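Written below as structure tokens is the structure these notes are about.
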Amino acid sequence: MSKRVSPQLAAKGQWVALDPPDAEQATLGGILASNASGPKRLRHGTARDVVIGRHVVQASGEIARSGGRVVKNVAGYDLNKLYIGSLGTLGIIVEANLKLQPLPTSERTLLLTYANVNDAMQTVMALLGSLLTPSAIELIDAGAASDMSDFFGLNLPTDGYTLAIDFEGSSTSIDRQLDETRLIARKAGALMGEDLAGKEQAQFWQVVREHTRGTVTCKVAIQVSQIASYLETINSVCRRQRLEAAVVGHAGNGILYVELRPGDATSRLVEAIGELRRQAQEARGSLVVERCPIELKRGISVWGEPGLDFYLMQRLKQQFDAKGTFVKGRFVGGL
-18 MSKRVSPQLA AKGQWVALDP PDAEQATLGG ILASNASGPK RLRHGTARDV VIGRHVVQAS
42 GEIARSGGRV VKNVAGYDLN KLYIGSLGTL GIIVEANLKL QPLPTSERTL LLTYANVNDA
102 MQTVMALLGS LLTPSAIELI DAGAASDMSD FFGLNLPTDG YTLAIDFEGS STSIDRQLDE
162 TRLIARKAGA LMGEDLAGKE QAQFWQVVRE HTRGTVTCKV AIQVSQIASY LETINSVCRR
222 QRLEAAVVGH AGNGILYVEL RPGDATSRLV EAIGELRRQA QEARGSLVVE RCPIELKRGI
282 SVWGEPGLDF YLMQRLKQQF DAKGTFVKGR FVGGL
């Protein structure tokens, strides 16, 4: 998407507020089908918040249209959101109208280092409860920081935890918000790190986004208040199963990408993923295996057991694709 669409929009001072992994290779259709998103979903949301209209080929061959070319809210069902993230199981999106935003005039990222995750999350909770408007709050553990330093040349501390806090807007606004963020962070025991801008900043965020694409990568959705305790669970499970973990998370949204290694330790990975999924569910969250070898798929369900709302998904599939014309067996519960 970025190679074809983004430069044309940038020439007019606009952009589509999406920053998915593999942005250079990602297609718009793939982003919409999977609802892929990146760190900036904290401020800008996901594809469900960006699409204002779409054309979808239905199982009957007819084209269904919804939404329009301008942002407006009307009473009724929002079918745009229904198709986005359905992985093509309900229909094929062939056209989409997207909400554009002005390119920010300035952008800077503050890196903060913490001795433990509780202090880092104290800063996150304070930021979320303030009037500040960060575009992204990314949490990076020691394993991920080590990878980024070794393979991508980033200068990140490999002990403790790093928070990367991104701000967009005018230079004056960013300066003020960075100053207030530093005050909040110092109260939580943070060590001040670098202040990134320009090409250095762009490279940093590209590396962060790409780090969510490991050989065995699990996406955990959990309450923000539960992140610290869940990271302790990850460390405990990995010690028992003799595995290593590297974690990057959208700390302001409660989304963690957990890369487990080695990728060929199938039996230990099966046990670890099962335990991590149970712990996530007990905390009213979820775990989906986004990437893994075929051998590992034979021992686990990448989606996990369907939830209580699965019957609604079944009814939607029956309503929109009763004969199974579209993708089958790819989604939750074999839909």
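Counting from -18, one number per residue, gives the positions in the sequence shown under the working numbering. No residue lacks a Cβ here, since even glycine has one placed at the ideal position from N, Cα and C. If you're wondering where the values come from, they're calculated on a predicted model, not measured in any experiment.
Sequence-distant Cβ neighbours of Tyr292 in its own chain, meaning closer than 6 Å and more than five residues away, do not exist here. Taken through DSSP and simplified to helix, strand or coil, Leu63 comes out as helix. In terms of Cβ geometry, Ala232 and Glu88 do not form a close pair [threshold 8 Å]. Only residues of its own chain outside the window of five on either side were considered, and among them Thr70, Leu71, Leu316 have a CB closer than 8 Å to the CB of Lys298, listed in chain order.
Taking 8 Å as the cut-off, the Cβ atoms of Ile155 and Leu93 do not count as close.
Closest by C-alpha distance to Val188, out of Val31, Gly255, Leu135, is Leu135. Ala28 is the residue among Arg24, Ala(-8), Ala28 whose C-alpha sits nearest the C-alpha of Thr8. Counting only the Cα atoms, Gly42 lies some 48 Å from Leu113.
For Asp245, no beta strand (DSSP E) segment is defined, and its DSSP state is neither H nor E. According to DSSP, Gly150 shares a beta bridge with Ser87. When only Cα atoms are considered, Glu252 and Gly280 end up about 9 Å apart. Residue pairing by DSSP places Met106 opposite no residue, since no beta bridge is assigned to it. Between Ala169 and Thr104, the CB-CB gap stays under 8 Å. For Gln204, the CB contacts under 8 Å within the same chain, skipping 5 residues up- and downstream, are Gly235, Ala264, Arg265, Gly266 in chain order. Where Thr139 is concerned, there is no enclosing beta strand (DSSP E), because DSSP gives it neither an H nor an E. As computed with DSSP, Arg258 is found in no beta bridge at all.
A straight line joining the alpha-carbon of Gly124 with that of Val218 spans about 15 Å. As DSSP reads the structure, Arg163 sits in no beta bridge. Annotation: Ala261 to Val283 spans about 14 Å, alpha carbon to alpha carbon.
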